[in-house]
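Trainee:
There are 4 protein chains.
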Amino acid sequence: MTVSSPPPTATRQSAAARSRVATRERLLASGVELFAAKGLHAVTTHEVARAAGVATGTFYLHFRDKRELFRQIALEALRELRWRLDAAATPSEPLRESVPHLARALVSFAEEHRDWVRIIFSVDRDTLDVESDLLSELAASIADGRRHRIAHGETSAALDPVILSQALVGMWARVIAWWVEDPSRASRTTLIETLTKIQLTGTHPAHPIAQP
Amino acid sequence: MTVSSPPPTATRQSAAARSRVATRERLLASGVELFAAKGLHAVTTHEVARAAGVATGTFYLHFRDKRELFRQIALEALRELRWRLDAAATPSEPLRESVPHLARALVSFAEEHRDWVRIIFSVDRDTLDVESDLLSELAASIADGRRHRIAHGETSAALDPVILSQALVGMWARVIAWWVEDPSRASRTTLIETLTKIQLTGTHPAHPIAQP
Amino acid sequence: MTVSSPPPTATRQSAAARSRVATRERLLASGVELFAAKGLHAVTTHEVARAAGVATGTFYLHFRDKRELFRQIALEALRELRWRLDAAATPSEPLRESVPHLARALVSFAEEHRDWVRIIFSVDRDTLDVESDLLSELAASIADGRRHRIAHGETSAALDPVILSQALVGMWARVIAWWVEDPSRASRTTLIETLTKIQLTGTHPAHPIAQP
Amino acid sequence: MTVSSPPPTATRQSAAARSRVATRERLLASGVELFAAKGLHAVTTHEVARAAGVATGTFYLHFRDKRELFRQIALEALRELRWRLDAAATPSEPLRESVPHLARALVSFAEEHRDWVRIIFSVDRDTLDVESDLLSELAASIADGRRHRIAHGETSAALDPVILSQALVGMWARVIAWWVEDPSRASRTTLIETLTKIQLTGTHPAHPIAQP
DNA sequence: GATGAATGAGTATTCATTCAT
DNA sequence: AATGAATGAATACTCATTCAT
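Chains as they are written, first to last, in the working numbering: chain S, 1 to 212; chain F, 1 to 212; chain H, 1 to 212; chain P, 1 to 212.
#1: Closest to S/Ile120 by CA distance: which of S/Phe70, S/Ile192 and S/Thr23 is it?
#2: DSSP state of F/Ile192, grouped into three classes?
#3: Are the CB atoms of S/Leu27 and S/Ala52 nearer to each other than 8 Å?
#4: Where do the ends of the alpha helix (DSSP H) carrying H/Ala173 lie?
#5: Quick one: which chain H residues come within Cβ less than 8 Å of P/Val175?
#6: Whole beta strand (DSSP E) runs in the region 101-127 of chain F with 3 or more residues, listed along the chain?
#7: With three or more beta-carbon pairs closer than 8 Å as the criterion, would you say the region 152-163 of chain S touches the region 60-68 of chain S?
#8: What are the partner residues of S/Gln72, as DSSP defines its beta bridges?
#9: Measure the CB-CB distance between P/Ile73 and P/Val32 and report whether it falls below 8 Å.
#10: Could you compute how far the alpha carbon of H/Arg104 sits from the alpha carbon of H/Arg96?
#11: Provide the residue span of the alpha helix (DSSP H) that contains F/Ile142, from first to last.
#12: Can the beta-carbon of P/Leu102 be found less than 8 Å from the beta-carbon of P/Ala88?
#13: Just mark H/Val21 as buried or exposed, buried being the case when its beta carbon has 16 or more other beta carbons within 10 Å.
#14: Assuming H/Arg188 contacts P/Ala167 under a Cβ cut-off of 8 Å, what Cβ separation, rounded to an integer in Å, is found between them?
#15: Using beta-carbon positions only, say whether F/Val99 and F/Thr196 come within less than 8 Å of one another.
#16: So, for P/Ile150: in the same chain, excluding its five sequence neighbours on each side, which residues have a beta-carbon less than 8 Å away from its beta-carbon?
#17: With a threshold of 8 Å on Cβ separation, who are the neighbours of H/Ala177 within its own chain once the five nearest residues in sequence on each side are excluded?
#18: Please identify, using Cβ separations under 8 Å, the residues of the region 38-62 of chain F that lie next to chain S, in order along the chain.
#19: Are the CB atoms of P/Arg46 and P/Thr56 nearer to each other than 8 Å?
#20: Report yes if the C-beta distance between H/Val169 and H/Leu191 is below 8 Å; otherwise report no.
#21: Which bits of chain F does S/Pro158 rub up against, with CB to CB less than 7 Å?
#22: Please name the residue, chosen from S/Ala49, S/Glu193 and S/Ser19, that lies closest to S/Ser30 on a Cα-to-Cα basis.
#23: Could you name the residues of the same chain whose beta carbon sits closer than 7 Å to that of S/Arg58, not counting the 5 residues immediately before and after it, in chain order?
#24: Please work out which residues of its chain come closer than 7 Å, Cβ to Cβ, to F/Trp179, disregarding the five sequence neighbours upstream and downstream, and give them in chain order.
#25: So is S/Thr194 in contact with chain F if we call contact Cβ pairs under 8 Å?
#26: Could you compute how far the alpha carbon of H/His113 sits from the alpha carbon of P/Glu181?
#27: Just checking: is the beta-carbon of F/Leu85 within a distance shorter than 8 Å of some beta-carbon in chain S?
#28: Listing by chain order, which chain S residues have their CB less than 8 Å from the CB of F/Leu34?
#29: Where H/Ser107 and H/Arg82 are concerned, what is the direct C-alpha to C-alpha distance, given to the nearest angstrom?
#30: Beta-carbon of H/Ala77 versus every beta-carbon of chain P: anything under 8 Å?
#31: Excluding the five sequence neighbours on either side, which residues of its own chain have a C-beta within less than 7 Å of the C-beta of F/Thr93, listed in chain order?
#32: Within 8 Å (strictly less), CB to CB, does F/Leu191 reach chain S?
#33: From the beta carbon of F/Ala143, is the nearest beta carbon of chain S less than 8 Å away?
#34: Using the beta-carbon count (16 or more within 10 Å), is P/Glu193 buried or exposed?
#35: I'd like to know whether the C-beta of H/Ala186 is nearer than 8 Å to at least one C-beta of chain P.
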C-alpha cells in the first residue's frame, strides 16, 4: 500500500533541497529590496529574515553573515550587468561605435533592476572590497581597449587612457544612478540619446564645438 | 614699569574660550582623519575623542552627536571647495574657457585636502541629506548655465542639459576620487591637462541610433 | 505500541513559547522585587536582567524599556487591586456599608502583595501617567457614587463629593502604605477595624467657621 | 582723598558675602521652580545653575550636590509649613477645635507656595530620608496628642491613635496636593469648609463587623 | 568666589550571531 | 532544515562633579 509513496528519505531530501533553494531565494529577494531601500547599515539580519518569512537563525544557514548576503547580491547584479554590457559591445570595433548599444543596455538594465542599480551604485567604503568593484573593472577594461587602439594608431593619444576611462565610468554611473532615483526625470529615449551623443573627445575638434 | 596685568576677567574668559576652540579644532581634525580613513559608520565617538586626546564626554560638549561632527566637517570642506571653484570660474565666459581653471582648482584642492576629498566624494546614503549634496548643487548650477546659453542660442540643444550636468559632475568626481587614492596614478599636470581636454560634445553620430 | 511522539512542530513551538513565558515571568518577578525595594530610578535594566538570570539583551526581547516593565507591573497590580475592591463592594448599597468589606479586601491585598503596594503607592511624578493613576480613578468613582446618592437625597450634600473622595483615597492609601512598611505596626484586625470605623462625616460644627 | 573709601578689604569681603548670599538665593529659587515642575530626577545641576544665571561650578560652591539643594529647599518649606500649623493650633484644645484653623493655615500655605507644596507632597522614595519626613512627624505629633487626650478620658479610645493620625495626614496631604495642581478645582472657601467639616469619627457602627 | 571646560563612570539600548530544540 | 529565544559585546549619550584659571 505504500508502493506509490516515493522512498521517504529521498523525497524528504529533495523536498528539503527544493525548500532550501526557495528559502535562499526569498532571503536574497528580501535583501535586494531592503538594501536598495535603506543601505547596508540600516538593514538588520532580523529584518531580512522576517521579510523573507523565515526565522532569524535560518538566515545564517544560508549566509555567513550580513556582508555575505550583500556580497552575493552585489555579485549577481554585477554579473548580470557585465553580461549585458559584454553582449552589447563588439570588442573589435572602436568604443565610439559600441556606445549606443552600451547605453541602451545600461538603461534597460536600470529599468528592469532599479534595486540592483541602487545597490551597485551606492557602494560605499564599507560595502565592497576593491576586488569586486565593477566600476574599477569597467574602467580598466575601457582603458585597455583604448590603449590597444592608441597602439594601433586608431585613436589619438591626446587623452590619458586611464584617466579617460575613470571619467567615462564616473559619468555613466552618476547619470544612471541619478535617473533611477526618479525615472520621470528623463525619458528612456532621451537618456539613451544623450548618453550616446556625449563623446569624450580630447581633440582639436574638426568641427568647432558649440559651447555648452 | 607699570606693565599692567591683563584684565583678569578678560584673560580668564579668553583662556577658557581659547581652550574650548582648541579642543573643538582637535576634535574636528581627528574626525577628518578618521572619517577619511574609515567612513562614518566605522568611527565611534570614543575613538574621535581619544584621537583628540579628550574624554568621551567632551565630544558631546562640542557636537550634538557623531553625525553633527561629520556634517560640520563636510560642510566646511564643501564651503572651501565651492569657494575655490567659484574663484576659478569667470561667470561671464563660457564654461569651456573656465574648464582649465576649474580643473586646476580641483586638483589643487585634492592635493591639499586628500582627506576632505575622501569624505566629500564617499558620500553615501546615510551621510548627507540631499539638500547639502554638493554634487547635486554643482550639477544644478551647470544645468542652469547651459539652459541659459541654449535659450540664447549660444549652445546647441542637442544634449539634455540636466543629464549633461550629471555626467560632468560624475566624471570629475570619479576622476578626482580615483586620483586621490593614489596620487602617483597620474601626475598633477597630466591630470589637469586631461580633465581640461575632455569635452562633452554632442556629435552627429555616424550611425543613427536604433530605438528599442 | 504506537505511542506517537508528539507533533514535532507543536512541541518545538510550545517549548520555545514556554521558555519565553517563563523568562518573561522571571523578569517581571525581578522587576517587582527591585522596584519595590529601590524605586524606578534606582533600578537598572542590567540589574533586572541579572536578577532574572538572563543576559542584558534578553530584557529588551520582552519589554521595550524600563518604563514598559514598570508599567506592566503596575498595571497588573492595579488590575488585581481593582478586581478585589470591585468584588468587595456592593454597588447598590451605600458606601458606608461597603466599607468593612473594602477595608478587609485592601488589607488582604497588602498582606499578600507587599511589593505591589509599595510600587503602587510610591507612584511619583515620573512613574505613571495620570491616565493610569489608580488613586485618581478610585477617587473619581467614589465621587460619582456620592454625587448619585446626593441627587437621590440619600446623603447629605454638606461635603463636596470630589474633595471628599480625594480625602478618602489619600487616607486609605497612606494608612496602607504606612502599614506595609512594617506590618507589626498594627494587627490586621485593628487595622481593618480602625479603617472601618473611620467615617468621614460632615458634622454641623459647634462653632461656625470664621472665613478668612 | 581716599578717606571716603571704606577699607577695601572689608568692603570686598562684605560685597562678596552679600553676593554669596544672593547667589545662593538665586540657586534656591531656581531649584524650587525646577523641582516643582519636573521632580528631583529630571532636573540637572547645569539646569539649576543656568536658571540661576551662574556657572556650573558655582552650584557646588553652595551645595554639596543636587540632593543637598533639594534637602535645603524641602527643609525650608517644611519649616515654614510647620511654623504655620503650630501657630494655627492651640495645643491645649482638642484637635477638633483646631481643625478649622489648621485647614485655613494649610490652604493659605498652599496658595502662597504652590511650588513648595508640589515638592513636599510629591516626595518619593529617593527624595527625602525618613528622618525628615514631615508627614511622618505630623502624624506622630497628632498621635501623641490623641493618646494624651485618651489617657485623660477626653477622647474615645475607639480608634487606634496611630492609625488615625496616618489617616488624617494622608487625607490632608492628598487633598491639598490635588488642589494645588489646579486651584480652580475648588474655591478656597469650599476647600477649607470641607476639610473642616470632615471629621474622623469612630462611630458605633449599626452593623457589627464580621471578622474575616 | 566665580568660571566653564573637561572628566569619565554610568546607563540604556541595539543587533549580529549562536544553539538547544 | 528550520526555529526563535537568548546572548553579550559594542556603542551612543548623559550628567554629577572637579579643577585650573
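Just so it is clear, CB atoms sit at the ideal spot from N, CA and C, and this is done for glycine as well. Treat the numbers as computed from the prediction; the structure is a model and nothing was measured.
Mentor: Let's see:
#1: S/Phe70
#2: helix
#3: yes
#4: Pro161 to Glu181
#5: Ile163, Gln166, Ala167 and Gly170
#6: none
#7: no
#8: S/Gln72 pairs with nothing; no bridge assigned.
#9: yes
#10: 14 Å
#11: Leu134 to Ala151
#12: yes
#13: exposed
#14: Not really, about 16 Å apart at Cβ, beyond 8 Å.
#15: yes
#16: Ser156, Ala157 and Pro161
#17: Val117, Arg118, Phe121 and Ser122
#18: Lys38, Gly39, His41 and Ala42
#19: Looking at the sequence shown, residue 46 of chain P is not Arg but His. Their beta carbons are under 8 Å apart, which means P/His46 touches P/Thr56 by this criterion.
#20: no
#21: Note on identity: in this sequence residue 158 of chain S is Ala, with Pro being the wrong assignment. Those are Lys197, listed as they occur along chain F.
#22: S/Ala49
#23: Position check: residue 58 of chain S holds Thr in this sequence, whereas Arg was assumed. Closer than 7 Å at the Cβ level, and outside the excluded window around S/Thr58, lie Thr23 and Ala49.
#24: Ala110, Arg185, Ala186 and Leu191
#25: yes
#26: 30 Å
#27: no
#28: Per Cβ cutoff of 8 Å: no residues; F/Leu34 is ~12 Å from chain S at best.
#29: Before going on, a small fix: residue 107 of chain H reads as Val here, not Ser. Roughly 13 Å between the two C-alpha positions.
#30: no
#31: Here the sequence assigns Glu to residue 93 of chain F, which means Thr is not the residue at that position. Within the same chain, F/Glu93 has no close Cβ partners at all.
#32: yes
#33: no
#34: buried
#35: yes
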